[in-house]
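Protein chains in written order, with our numbering: chain A, 4 to 195; chain B, 4 to 195. From the three backbone atoms N, C-alpha and C, an ideal C-beta is built for every residue, glycine too. Notes for the one structure printed next.
2 protein chains.
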Amino acid sequence: MSPTKEKLLSTASKTFSKYGFYKTSMDEIAKSARKAKGSLYYHFNSKELLFREVVLSELDFLKEELTVIFNAPNTDSRDIIKAYMTKRMMIMNISINYQETLRPEFYEFYEFLNDVILEMDLWEKKQITAILNKGVANDELELPGDIEVYAEMLLIFLKGLETPLFLKGQYERLISNFDNLIGILTKGISKL
Amino acid sequence: MSPTKEKLLSTASKTFSKYGFYKTSMDEIAKSARKAKGSLYYHFNSKELLFREVVLSELDFLKEELTVIFNAPNTDSRDIIKAYMTKRMMIMNISINYQETLRPEFYEFYEFLNDVILEMDLWEKKQITAILNKGVANDELELPGDIEVYAEMLLIFLKGLETPLFLKGQYERLISNFDNLIGILTKGISKL
DNA sequence: ATTTGACTATTATCGTTTATTAGTCAAATA
DNA sequence: TATTTGACTAATAAACGATAATAGTCAAAT
């Protein structure tokens, strides 16, 4: 990625995270980055696509970090699940532009991001399903019924926590008990 | 409750559930109930308060049904938790006016209902906390850390399911595995 | 105490103008 | 050739008034 493009992207990320998508203008981003507005459009084509790139970069970072965890060799599937949940929450907590998309009052405005979020959901669901299947194969886990549905519900739970944690400022309070909760969940799925 | 008031309330509930709060007019409700509009205002004071009553009546029904479950004598706390989760989802599935308040595009418009929902949340949290505490006292459950936070997270999970289940039409698909999931959760919190 | 419906007050909607901001492009630069 | 620039245009949001729809009132009737 060229230095100009990189500069524009990081400036956009900072500005969007400060004022939100709708209260940030392209002129403002260009000015902050000390570049011409034309360069923004040369590299990103539109404001929506620029914001997409910003959110995508946050999700790509999350994906990279999670990939390390999911692919850790010789690790008990329960430990992978634990590490996954913890890491996910930590990174989401600092993904300010992703958090912006959670605001229900903007729900309809972010439709152009639906596919990005959906793609991430599918990726996570796939990874969770794989690790659950591996756990069952290794006799570490015991899961009656459809494994994919468990993966889906785990994701629903984690995503359900996002609003209280990141938008309603309960991160500190709830995260303190998160380890205990993870313990219970893994106990629930463990083969005893 | 007077017959007129009852008639108005049930007509309002039907009409709101059919067209939603904003696309239903007071004239329409009065006409459907074959009453004068003045009667609506005599009994309910405003459109918002009328809708409140409608949603409250759905939540009161839920409360009543759950109270029976929570207060069942001589019942294992795990069975109470299981019955609670199942019953909650069944009743929520038919509480159409409550479901309307879940729509994120209307989020800001339903602020006058926030206290009703919050009150229900607190009630549920209190009931769950009580049953978890009872379970621990009876040596049926094992929960390290703050019990209230578990109650809160269980509620977050159940409420997180509402949107996929009721608004995105996944009720049939996901509910089929719900029993298995409940089994896992109760296993996770059980003292072994 | 309750019910009624003609009436008033508010709020949504539409059309128009103005201001802001998204998006373009020919020329300059490297 | 690929990139950068900023004056320029096009599209959209905000502001405003006029009109339509609907929330809410109240004196009279039951």
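| Query | Result |
| --- | --- |
| Three CB pairs or more closer than 8 Å across the segment 13-25 of chain B and the segment 91-99 of chain A | no |
| For residue 146/B, the three-state DSSP class (helix, strand or coil) | coil |
| Other residues of its chain near residue 167/A: CB distance less than 6 Å, five sequence neighbours each side excluded | 173 |
| At least 3 beta-carbon pairs within less than 8 Å: the segment 70-82 of chain A vs the segment 66-78 of chain B | no |
| Local conformation of residue 49/B per DSSP, three classes | coil |
| Min CB distance residue 190/B to chain A below 9 Å | yes |
| Start-end ranges of the alpha helix (DSSP H) lying completely within the segment 106-193 of chain B, minimum 4 residues | 117-140, 150-165, 174-178, 181-192 |
| Sub-9 Å separation of residue 54/B and residue 24/B beta-carbons | yes |
| Assumed close pair residue 185/B, residue 88/B - CB separation to whole angstroms, cut-off 8 Å | 5 Å |
| Residue-level contact to chain B via CB, residue 76/A, 9 Å cutoff | no |
| Assigned exposure category for residue 70/A - 16 Cβ within 10 Å defines buried | exposed |
| Chain B within 9 Å of residue 174/A, Cβ atoms only | no |
| Three-state secondary structure (DSSP) of residue 96/B | helix |
| Min CB distance residue 156/A to chain B below 9 Å | yes |
| Nearest to residue 27/A (by Cα), restricted to the options 143/A, 103/A, 123/A, 60/A | 103/A |
| Residue 76/B: first and last residue of the uninterrupted alpha helix (DSSP H) it sits in | Looking at the DSSP string, residue 76/B is not in any alpha helix (DSSP H), and its letter there is neither H nor E. |
| Closer than 9 Å at the beta carbon, the chain A residues around residue 195/B | 190, 195 |
| Residue 163/B versus residue 7/B: straight-line alpha-carbon distance, rounded | 38 Å |
| Where residue 149/B meets chain A, residues with beta-carbon distance less than 9 Å | 179, 180, 183 |
| Backbone secondary structure at residue 37/B - three-state DSSP | coil |
| Residues near residue 169/B in its chain [Cβ-Cβ closer than 6 Å; skip 5 each side] | 102 |
| Three-state class that DSSP yields for residue 27/B in the structure shown | coil |
| Under 8 Å by beta carbon: chain A residues contacting residue 114/B | Chain A residues near residue 114/B: none, gap ~11 Å exceeds 8 Å. |
| Coil, strand or helix - residue 65/B by DSSP | helix |
| Residue 159/B and residue 160/A closer than 9 Å at C-beta | yes |
| Secondary structure of residue 18/A, DSSP reduced to three states | helix |
| Beta carbon proximity, residue 146/A to chain B, threshold 9 Å | yes |
| Contacts of residue 153/A in chain B (Cβ-Cβ under 9 Å) | 180, 183, 184, 187 |
| Assumed close pair residue 193/B, residue 143/B - CB separation to whole angstroms, cut-off 8 Å | 7 Å |
| is_contact[residue 122/B, chain A] using C-beta, thresh 9 Å | no |
| Residue 169/A: contacting residues in chain B (beta-carbon distance under 7 Å) | Neighbours of residue 169/A on chain B: none; closest Cβ ~13 Å, over 7 Å. |
| Secondary structure of residue 104/A, DSSP reduced to three states | coil |
| DSSP three-state assignment for residue 195/A, whether helix, strand or coil | coil |
| Contact with chain A by residue 45/B, beta-carbon distance below 9 Å | no |
| Contact under 9 Å by Cβ, residue 1/A with residue 195/B | Residue 1/A falls outside the range modelled here, since chain A spans only 4 to 195, and no answer is possible. |
| Interface residues of the segment 15-32 of chain A facing chain B [CB-CB below 8 Å] | none |
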